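Data first, discussion second: the structure below is written as structure tokens.
Below, the structure is given as structure tokens:
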């Protein structure tokens with residue numbers, strides 16, 4: 715009996731030793747899974763999978779062929795078809811009207827590239843361009859997360875990103891409408907994020923170059939959004955000027971404090 719009890723005790727001790735050895739690994743993997751779920755990239759992934767599921771299983775890429783597929787991008791679709799067929803940036807309506815300045819060039823050229831790859835007004839082209847929209851709609855979760863984190867903290871940042879991931883209109887537009895809406899939303903949120911970051915950093919040429927290039931891409935995507943540029947610039951210049959003035963005041967106070975602590979020549983000679 716004593717031998718059996720000793721064996722039982724040894725087996726229990728061996729099991730507990732194995733559990734103690736395995737528990738740190740399991741705890742690490744659990745923490746890793748939790749950190750992954752709390753990561754903004756996880757939110758982006760869920761948002762993208764949701765949009766692609768709506769696009770694929772909801773067959774939203776089956777765009778009506780009425781009016782010669784006019785709902786496939788409307789005027790931008792017409793311009794993209796003209797580019798893809800070798801007629802240049804022209805004819806935004808039902809008739810061949812010649813060269814046009816109807817829309818900014820970036821999105822029509824992207825759509826024309828999709829037409830070149832998958833065929834003009836085909837279901838494959840519709841799926842491709844709507845998936846492109848869905849990617850940028852999902853990436854907007856990331857920029858909104860960083861903006862909210864800077865302004866309100868981590869809890870609000872997560873709530874903001876998850877709200878955008880499941881917001882019905884943020885799912886509807888990229889999966890049903892062939893237009894630059896999702897790309898514009900991402901670029902504008904990226905510009906706001908860059909403005910916030912530049913306001914809290916010392917001015918550097920590299921930052922201003924990136925700022926200018928980003929607004930150049932926005933101008934090529936949606937010129938109406940350029941109305942935000944003066945406000946971003948004025949606020950950025952105000953913050954930088956205020957910080958520089960505050961820094962100058964602090965430097966002056968430090969100098970006054972240092973000079974006030976230095977002994978006068980009379981005290982130094984014991985007079």
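In this note's numbering, the protein residues as written are 715 to 985.
Just so it is clear, CB atoms sit at the ideal spot from N, CA and C, and this is done for glycine as well.
Keep in mind that this is a model prediction, so the values were computed, not measured.
Segment contact: the segment 783–799 against the segment 823–830, three or more CB-CB distances shorter than 8 Å; contact assigned. In this structure, DSSP gives residue 919 a helical state, which the three-state scheme calls helix. Rounded to the nearest whole angstrom, the CA to CA distance from residue 853 to residue 756 is 11 Å.
Within the segment 799–861, complete alpha helix (DSSP H) segments of at least 4 residues are found at 820–832, given in chain order. For residue 874 against residue 858, the beta-carbon gap comes to about 5 Å, under 8 Å, which counts as contact.
Between residue 929 and residue 943, the C-beta spacing is below 8 Å. Look at residue 944 here: in three-state DSSP terms it is helix. Here residue 753 carries a coil assignment [DSSP, helix/strand/coil]. Its chain contains 854, 857, 858, 861 as the residues whose beta carbon lies nearer than 7 Å to that of residue 903, once the 5 sequence neighbours on both sides are disregarded; these appear in chain order. Note on residue 927: under 16 other CB atoms within 10 angstroms of its CB, so exposed under the neighbour-count rule. Assigned with DSSP and collapsed to three states, residue 880 falls in helix. Per DSSP, reduced to three states, the secondary structure at residue 774 is coil, with no helix or strand assignment. Straight through space, the alpha carbons of residue 848 and residue 803 are spaced by roughly 25 Å. In the displayed model, residue 788 falls within a helix according to three-state DSSP. By the beta-carbon neighbour count (other beta carbons within 10 angstroms, threshold 16), residue 912 is buried. The Cβ neighbour count for residue 787, taken over all protein chains shown within 10 Å, is at least 16; the residue is labelled buried. An exposed status is given to residue 952, since fewer than 16 other beta-carbon atoms sit within 10 Å of its beta-carbon. In the three-state scheme derived from DSSP, where H, G and I count as helix and E and B as strand, residue 779 is classed as coil. Secondary structure at residue 870: helix, using DSSP grouped into helix, strand and coil. The DSSP-derived three-state label of residue 893 is coil.
Residue 889 is positioned such that its CB atom lies closer than 8 Å to that of residue 769.
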